[in-house]
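Asker: Plus 2 on top of the position in the sequence shown (first one is 1) and you've got our numbering.
Have a look at this one.
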Amino acid sequence: CMAWSDLRKQLLTNVLGVTGELCVVPIWPVFADKIYCGIKRFEFRKRIPRLGVATFLIYETAPISAITGCFIAGDVVTDAPENLWAATDEYAGISEQDFFGYYASCKIGVAISIRSVQRFESPIFLVRFGCNPPQSYVYI
Numbered sequence: 003c004m005a006w007s008d009l010r011k012q013l014l015t016n017v018l019g020v021t022g023e024l025c026v027v028p029i030w031p032v033f034a035d036k037i038y039c040g041i042k043r044f045e046f047r048k049r050i051p052r053l054g055v056a057t058f059l060i061y062e063t064a065p066i067s068a069i070t071g072c073f074i075a076g077d078v079v080t081d082a083p084e085n086l087w088a089a090t091d092e093y094a095g096i097s098e099q100d101f102f103g104y105y106a107s108c109k110i111g112v113a114i115s116i117r118s119v120q121r122f123e124s125p126i127f128l129v130r131f132g133c134n135p136p137q138s139y140v141y142i
């Protein structure tokens, strides 16, 4: 939407030191909480994010329905789900059963390592900017 640029301007004033492209990623509130607590240090996806994107904005899905913070990505690893689980299980923040359920129809998965995380003082509601909630990655 046209208002994504307005959202980007507000975020750049809230997130110090962020340059380059930002990626809004939808995350269930239970997993966002685990990211903020440091229990979950990997975000799992079925598609690889655009090359060069380091800052991911955490859009917590319903009932929160707002951008609540961001994380700086480290390595982005693509591999068979079995290999991803073996490499990330300690800080996956998800049960083995749910992990393999998520990747049931996939031969390759993506693990985005979380280097640092910041929770915003106030959530940013997309409705304020006229933007629809992201279904996957949205680049701004």
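Just so it is clear, CB atoms sit at the ideal spot from N, CA and C, and this is done for glycine as well.
In this text the structure is predicted, and so the values were computed from the model without any measurement.
Measuring only the C-alpha atoms, how far is Ile60 from Phe102?
Answerer: Your numbering for residue 60 matches position 58 in the sequence shown. Your numbering for residue 102 matches position 100 in the sequence shown. Rounded to the nearest angstrom, the two C-alpha atoms are 23 Å apart.
Asker: When you compare the region 46-57 with the region 98-112, are there three or more beta-carbon pairs, one atom per stretch, that lie closer than 8 Å?
Answerer: With the cut-off at 8 Å, the region 46-57 and the region 98-112 touch.
Asker: My parser needs the alpha helix (DSSP H) runs of 4 or more residues fully inside the region 23-54; what are they?
Answerer: Listed in chain order, the complete alpha helix (DSSP H) runs (minimum 4 residues) inside the region 23-54 are 31-39.
Asker: Extract the residue ranges of the beta strand (DSSP E) inside the region 83-132, only unbroken runs of 3 or more that lie entirely within it.
Answerer: As far as the region 83-132 is concerned, its whole beta strand (DSSP E) runs of at least 3 residues are 111-126.
Asker: Output the distance between the C-alpha atoms of Leu18 and Ala88, rounded to the nearest integer angstrom.
Answerer: Locating residue 18 in the sequence shown gives position 16, where the first residue counts as 1. Locating residue 88 in the sequence shown gives position 86, where the first residue counts as 1. For Leu18, the predicted structure reports a pLDDT of 48, less than 50, and the residue's modelled location is therefore unreliable. A value from the coordinates is still provided. Each residue's Cα considered, the two are about 35 Å apart.
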